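Participant: If you count by mature numbering (1 follows the signal peptide of the UniProt record, and there is no 0), then the sequence shown holds residues -27 to -1, 1 to 526, one letter each, in order.
Beta carbons: idealized from backbone N, C-alpha and C, even for Gly.
Keep in mind that this is a model prediction, so the values were computed, not measured.
I have a structure I would like to understand better, so I am pasting it below and will then ask my questions one at a time.
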Amino acid sequence: MTTRIKKFPFLILIGQLLLLLPRHRNSAYAAGGGRWDLLMSNIGISSMHMQLLNNDRVVMYDRTDFGASNISLPNGKCRNNTNDLTLKVDCTAHSVEYDVSTNSVRPLMVQTDMWCSSGSATSDGTLVQTGGFNDGENVVRILKPCNGNKSTCDWKEIEGALIQSRWYATNHVLPDGRQIIIGGREAFNYEFYPKTLSTNNIFNLTFLQQTNDLREENNLYPFVFLNVDGNLFIFANNRAILFDYTRDIIVKTYPQIPGGDPRNYPSTGSAVLLPLKNLEAQIIQAEVLVCGGTKNGSFLRAQRGNFLGALNTCGRITITDPNPQWIMETMPLARIMGDMVILPNGNVLIINGAGAGTAGWELGRSPVLSPVIYRPDNPVTSRFDVQNSSTIPRMYHSTTVLLRDGRVLVSGSNPHGLYNFTGVLYPTELSLEAFSPSYLDSESINLRPRVVSPASRRKVKYGGQVNIRFIIPGLINSNLVKVTMVAPGFNTHSFTMNQRILVLSSGNVTQVGTSTYKINSIFPNSSKLAPPGYYMLFVVHQDIPSEGIWIRI
């Protein structure tokens, strides 16, 4: 072998040049990529809601009114459970906190029912969770991340903090740090939290009535994104508006998505705001991608045992265009109840869900076990790649979030009115998995950046600059280095609220030491682009992200 290397030195040169080429579909991301790992076989609950906090712990919860869970409350705690017909005193937990670093969970105590609720993290990293069912429908619950004595950190509940009952609503953090809470079952309005004298009210939104299908709804958990102009893009059922909540007016009505089929609960698709780029430009473009769902009428048919196939289409629209139009694309796998997770490199992971039926008790069929990666910058014909399959069906009430190390956490699945582990097609699932995209493969280790500075939890200002130092052990292609920041979202019912990624404006990469480099990046200059709060910051090289660091803007 030594003789061959000496005899053919051009082989080394070719190998080095290949490392400098962009890693596209046929190199780092061959079809069938990614790895699944079972982290815990039993976390005690079936995760229906999930949020990553800035202490690298993930809060999960299900509901309080369907029997005992598989994890006890600590120190002999119990709660009176007036809403559960079978269990009047419940000494088990229905919320847990997962510690990524130790791969362990601890029980949390909730007093009221959080089932089918909504939430977002505030500017100081506190999780504010709103609404739920029965005794929880007007409640706001608060959980502050803790790094010290974690046994003292638990839910605090504020009864009557919401004017309207909120069940299947959507939250979004606004540029001033408040949350807007939109919709819910029989709630064709919105409100704010926290409230002021001028906002201590509910505000009607007739768009939610117009998108409500008789006996099916199909407009619950609307897809809401903060546009770059500060207005809200709201998608419900099969259409969307641009809404100025400060003046309570609709600024723009978008075309109906082609085909006219519903995309919101219970015909549950998913949606993401694609990466925001060129943040210093005079005009910044924003695009939304909506994928999956099912045909109109599927919910009623599924209740009669007729399970229609899921949709295999995605609609992509530039919401900032003067004359926006949907562009339709075809997924390799039809999917309902799928989740869409923005990865640190700007690609989108489509994961979980079913191939037929709808959301609801016992109404989904044909689990889709293979995730798909969508590459928004690729040519239209090469944007989708099917990934390696899990062995665990993740049906109705499954959840997923991005972790700071680049893995995607997956849990939940309970299409039953109670915990049900036997005699059913898809038993209640208590396990916790991680999906590792191909960028975490060992073959990429020499191309993977490692951030040296700044230290995690850095505070930054709007429009501020930061010099980021990072190490890449192998050969670097400085033209393929970028810096991204990702807002951790609140995931439930196939939609991640407040999920957002920005590609920071950056200067040239310069070498400052052995395998050590520096890049100067500029943070967005407006809270309309990035609402205040904690973000995960990544250095990405050839689509391979570093482990993230936390920053607070």
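State the DSSP-derived secondary structure class of I418, mapped to helix, strand or coil.
Facilitator: Of the three classes helix, strand and coil, the one that applies to I418 here is helix, per DSSP.
Participant: Assess, as a yes-or-no matter, whether the region 137 to 152 is touched by the region 89 to 108 under the definition of 3 or more beta carbon pairs within less than 8 Å.
Facilitator: Segments in contact, yes.
Participant: Would you call the CB atoms of V201 and L475 closer than 8 Å?
Facilitator: Not closer than 8 Å, so no.
Participant: Classify T267: buried if its beta carbon has 16 or more other beta carbons within 10 angstroms, exposed otherwise.
Facilitator: Buried, since its Cβ has 16 or more Cβ neighbours within 10 Å.
Participant: Assuming contact is defined by CB atoms lying nearer than 8 Å, are I323 and C264 in contact in what I supplied?
Facilitator: A contact, by the Cβ cut-off of 8 Å.
Participant: Which two residues bound the contiguous alpha helix (DSSP H) that contains T179?
Facilitator: Looking at the DSSP string, the run of the alpha helix (DSSP H) that includes T179 is T179 to Q183.
Participant: Go through its chain and collect everything with a Cβ distance to G105's Cβ below 6 Å, but skip five positions before and after it.
Facilitator: So the qualifying residues of the chain are D86, M87, W88 and S90.
Participant: From what residue to what residue does the alpha helix (DSSP H) around L273 run?
Facilitator: S271 to Q276 is the extent of the alpha helix (DSSP H) around L273.
Participant: Name the one or two DSSP bridge partners that K491 has.
Facilitator: For K491, which the question treats as bridged, DSSP gives the partners R442 and T483.
Participant: Which residue marks the beginning of the beta strand (DSSP E) containing Q152, and which one marks its end?
Facilitator: Element bounds for Q152: Q152 to I155.
Participant: By the 10 Å Cβ neighbour count, where 16 or more other Cβ atoms means buried, how is L510 classified, buried or exposed?
Facilitator: Result: buried.
Participant: How is the beta strand (DSSP E) around E164 delimited, first residue to last?
Facilitator: Run containing E164: N162 to Y166, per the beta strand (DSSP E) assignment.
Participant: Which one or two residues does DSSP pair with K225 in a beta bridge?
Facilitator: The partner list for K225 (beta bridge, DSSP) reads L215.
Participant: Suppose you measure from the CA of A134 to the CA of G333; what does that come to, to the nearest Å?
Facilitator: If you take the alpha carbons of A134 and G333, they lie about 28 Å apart.
Participant: Should N28 and C119 be called a contact, given that it needs their Cβ atoms to be closer than 8 Å?
Facilitator: Cβ atoms of N28 and C119: closer than 8 Å.
Participant: Keeping to the same chain, check which residues put their C-beta closer than 6 Å to that of D10; ignore five residues upstream and five downstream.
Facilitator: Within the same chain, D10 has close Cβ partners A407.
Participant: Between K225, I309, A259 and T457, which has its C-alpha nearest D237's C-alpha?
Facilitator: Per the sequence shown, residue 237 should be read as Asn rather than Asp. Checked all of K225, I309, A259 and T457; the closest Cα to N237 is I309.
Participant: In three-state DSSP terms, what is T303?
Facilitator: Residue state, collapsed to three classes: strand.
Participant: Alpha carbon to alpha carbon, how far is T55 from R36?
Facilitator: Between T55 and R36, the C-alpha separation is close to 13 Å.
Participant: Verify whether the separation of the beta carbon atoms of S519 and R423 is less than 8 Å.
Facilitator: Result yes, Cβ atoms of S519 and R423 sit closer than 8 Å.
Participant: Taking contact to mean 3 or more Cβ pairs, one atom from each stretch, closer than 8 Å, check whether the region 412 to 423 and the region 438 to 457 are in contact.
Facilitator: At 8 Å Cβ cutoff, the stretches touch.
Participant: Give the single residue among S20, S499, P410 and R442 whose Cα lies nearest to the Cα of K434.
Facilitator: Ranking S20, S499, P410 and R442 by Cα distance to K434 puts S499 first.
Participant: Pick out the complete beta strand (DSSP E) segments inside the region 19 to 75, 3 residues or longer, and give them in chain order.
Facilitator: Correct list: 22 to 25, 30 to 34 and 68 to 72.
Participant: Following the continuous beta strand (DSSP E) through K455, name the residue where it begins and the one where it ends.
Facilitator: Counting along the chain, the beta strand (DSSP E) containing K455 begins and ends at V454 to A460.
Participant: With a CB to CB cut of under 6 Å and the five nearest residues on each side skipped, what residues in its chain are close to H22?
Facilitator: Hits under 6 Å: Y34 and T465.
Participant: Can you tell me where the beta strand (DSSP E) holding V397 begins and where it ends?
Facilitator: Run containing V397: none; DSSP gives neither H nor E here.
Participant: So, does the region 254 to 263 touch the region 279 to 295, judging by three or more C-beta pairs under 8 Å?
Facilitator: The answer is yes - the region 279 to 295 touches the region 254 to 263, with three or more Cβ pairs under 8 Å.
Participant: According to the neighbour-count rule (16 or more other Cβ atoms, all chains shown, within 10 Å of its Cβ), is F394 buried or exposed?
Facilitator: With fewer than 16 other Cβ atoms within 10 Å, it is exposed.
Participant: Which partner residues of D186 appear in the DSSP bridge assignment?
Facilitator: Paired residue(s): E190.
Participant: Using DSSP's beta-bridge definition, name the partner residues of I115.
Facilitator: Beta-bridge pairing links I115 to V101 and K129.
Participant: Would you list the one or two residues that DSSP bridges to P340?
Facilitator: DSSP output for P340 lists A327 as bridge partner(s).
Participant: Which partner residues of Y238 appear in the DSSP bridge assignment?
Facilitator: For Y238, which the question treats as bridged, DSSP gives the partners L193.
Participant: Looking only at DSSP bridge pairs, what is N144 linked to?
Facilitator: DSSP output for N144 lists I154 as bridge partner(s).
Participant: Helix, strand or coil: which one does DSSP assign to I524?
Facilitator: The answer is strand: DSSP assigns I524 an E or B state.
Participant: Based on the DSSP output, what are the partners of M470 in its beta bridges?
Facilitator: Answer by DSSP bridge pairing, in chain order: F463.
Participant: Take every Cβ of the region 62 to 70, pair it with every Cβ of the region 371 to 379, and state whether three or more of those distances are shorter than 8 Å.
Facilitator: As far as the Cβ criterion goes, the region 62 to 70 does not touch the region 371 to 379, which means the pair count is below three.
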